[in-house]
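Engineer: Each residue of the sequence shown is one higher than the one before, starting from 1 at the first, in the UniProt record's numbering. Could you have a look at this structure, given as structure tokens, before my questions?
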Amino acid sequence: MNFNKLIPELSVNDIQQSKGFYLDVLGFNLEYERKEDKFAFISLNGAQMMIEQYNGFWQTGELNYPYGRGINFQIEVENIEEILQRIKKNNILLFREVMISTYSEFIQKEFLVQDPDGYLLRFSQKIRP
1 MNFNKLIPEL SVNDIQQSKG FYLDVLGFNL EYERKEDKFA FISLNGAQMM IEQYNGFWQT
61 GELNYPYGRG INFQIEVENI EEILQRIKKN NILLFREVMI STYSEFIQKE FLVQDPDGYL
121 LRFSQKIRP
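Structure representation (structure tokens):
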């Protein structure tokens, strides 16, 4: 496995709940885990993330819901509709509905959803180069 140059590690409240959301709902792959540390390394379409149950090692202040205020993680996917259907099937509300965004070099379809701890995930699919 090749590791990306930047891999976010998210502190989560409940590792089992977060694994269920990322793996079962969103379709991420479990690359490896350290159960004793309540840690999981996950990936989706080349995007890599680490999730670890809150342990106090990395916190610079008190964690209150929603975690990750001021940041969203954009994850480019090949089939945004598939992920959207998985989310709807599990009755999860979107933070921001599907929209088309135009950038200088491409156009993409995107939406945002919050994970169980409130982190914002922006799923995107390029629709025109």
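Ideal Cβ positions, reconstructed from N, Cα and C, are used throughout, including at glycine. Here the structure is a predicted model, which is why all the values come from computation and not from measurement.
1. If you count every other CB in all the chains shown that lies within 10 Å of the CB of Y22, and 16 or more means buried, which is it?
2. Would Q74 and S124 qualify as a contact pair, given that the criterion is a beta-carbon distance under 8 Å?
3. Taking E110 as the reference, which of G118, Y119 and K126 has the closest Cα?
4. Could you name the residues that DSSP lists as bridge partners for Y32?
5. Decide if S18 is buried, meaning its Cβ has at least 16 other Cβ atoms within 10 Å, or exposed.
6. Whose C-alpha, out of M99, E78, Q53 and G68, is nearest the C-alpha of G46?
7. Should I42 and F28 be called a contact, given that it needs their Cβ atoms to be closer than 8 Å?
8. For the beta strand (DSSP E) that contains R86, what are its first and last residues?
9. Just verifying my parser: in three-state terms, what is the DSSP assignment at I71?
10. Just reading off the alpha helix (DSSP H) that I15 is part of, what are its end residues?
Structural biologist: By the coordinates alone:
1. buried
2. yes
3. K126
4. F41
5. buried
6. E78
7. yes
8. Counting along the chain, R86 falls outside any beta strand (DSSP E), though it belongs to the alpha helix (DSSP H) covering I80 to K89.
9. coil
10. I15 to K19
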